[in-house]
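**Q** In our numbering, the protein residues as written are 638 to 898. Provided herewith is a single structure, encoded as structure tokens, for subsequent inquiry.
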């Protein structure tokens, strides 16, 4: 996720996402624009951000949160706020990949701290990509070079960024999925807050979908491609495009789901 540089295989089958490309002008990948850096006390997963007006995704006595209520910003300026400070080393063996976390500036006040925490918590889990001992990850400060950036962007900005990388994330004309493009993961704010229909219909918590979309798109960054459902009723491979459908499998956010958390 360079201070003035606007920091992708879609979580959808290409056949489902081949809708027409009219409607939104091209996103200019250079220069990437990062409006500011939030102090590490706000962005670090080991600290607590100031109270946010956005609804909490924490479980409630009524049951798990499946999606958040309220409107979701559809567009933004295309500038991003990067999380400051460095995160812990995630994993104990394998190639180290350094990353930035960046959130579109018009939603950063509400989303940056939680998004950063969720990314690091997900990638730190032994059921995630560190589980096989082939990969390590570490979030680095904005001024330090990174191998890739994990973005959270409004749907129209996500569309422009993904389209610039050759990926059309629209379903029914609406930017719907997330993607990976060169040295960048782009998570669609709509999916971050609203989850996806297969997960909601199966009453799968929003936090599970969030772990899935992070692991899926980072999997693309690591060179993994899409796969199918191995058998009805089995946990879905994390590289199955679960945002669009489970194809008989059960929702699963983890690459190595048989490992203990």
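Heads up, the beta-carbon is just placed ideally off N, CA and C, and yes, glycines get one too.
Taking 8 Å as the cut-off, does the region 706-717 touch the region 790-802 (at least 3 CB pairs, one atom from each stretch)?
**A** yes
**Q** Determine the closest residue to residue 840 out of 718, 740, 888, 821, with distance taken between C-alpha atoms.
**A** 888
**Q** Taking only runs that begin and end inside the region 691-751, name each unbroken beta strand (DSSP E) of 3 or more residues, in chain order.
**A** Given a length threshold of 3 residues, each whole run of the beta strand (DSSP E) inside the region 691-751 is given here in chain order: 717-720, 732-741.
**Q** Which one of 749, 738, 803 has the shortest CA to CA distance from residue 775?
**A** Comparing alpha carbon positions, the residue from 749, 738, 803 closest to residue 775 is 738.
**Q** Should residue 823 and residue 817 be called a contact, given that it needs their Cβ atoms to be closer than 9 Å?
**A** The answer is yes: Cβ separation under 9 Å.
**Q** For a quick check, are the C-beta atoms of residue 756 and residue 806 less than 9 Å apart?
**A** no
**Q** How many whole angstroms separate the CB atoms of residue 848 and residue 777, which I take to be in contact at a CB cut-off of 8 Å?
**A** Going by Cβ atoms, the distance from residue 848 to residue 777 rounds to 22 Å, so no, they are not a contact pair.
**Q** Taking the alpha-carbon positions, what's the residue 780 to residue 721 distance?
**A** 9 Å
**Q** Use the C-beta contact count for residue 821: other C-beta atoms within 10 angstroms, 16 or more gives buried, fewer gives exposed.
**A** buried
**Q** Quick one, which of 825, 736, 856 has its alpha-carbon nearest residue 748's?
**A** 825
**Q** What are the start and end residues of the beta strand (DSSP E) that includes residue 885?
**A** Segment: none, residue 885 is in no beta strand (DSSP E) and carries neither H nor E.
**Q** Give the DSSP-derived three-state secondary structure of residue 866 in the structure shown.
**A** coil
**Q** Using DSSP bridges, identify the partner residues of residue 812.
**A** 807
**Q** If you follow the beta strand (DSSP E) that residue 821 is part of, which residue opens it and which one closes it?
**A** 821-825
**Q** Alpha carbon to alpha carbon, how far is residue 746 from residue 716? Give it in angstroms, no decimals.
**A** For residue 716 and residue 746, the gap between their C-alpha atoms comes out near 13 Å.
**Q** Consult DSSP for residue 645 and reduce its assignment to one of helix, strand or coil.
**A** Low per-residue confidence applies at residue 645: pLDDT is 36, beneath 50, and the placement is therefore not dependable, though the value from the model is reported in the following sentence. Here residue 645 sits in coil by DSSP.
**Q** DSSP on residue 793, reduced to helix/strand/coil?
**A** The answer is helix: DSSP assigns residue 793 an H, G or I state.
**Q** Measure the Cβ-Cβ separation of residue 703 and residue 744 and say whether it is below 9 Å.
**A** no
**Q** Taking residue 879 as the reference, which of 851, 751, 897, 782 has the closest Cα?
**A** 851
**Q** Going by the beta-carbon positions, is the gap between residue 813 and residue 832 smaller than 9 Å?
**A** no
**Q** Would you report the Cα separation of residue 783 and residue 896, rounded to the nearest angstrom?
**A** 29 Å
**Q** Run through DSSP, which three-state label would residue 753 get?
**A** helix
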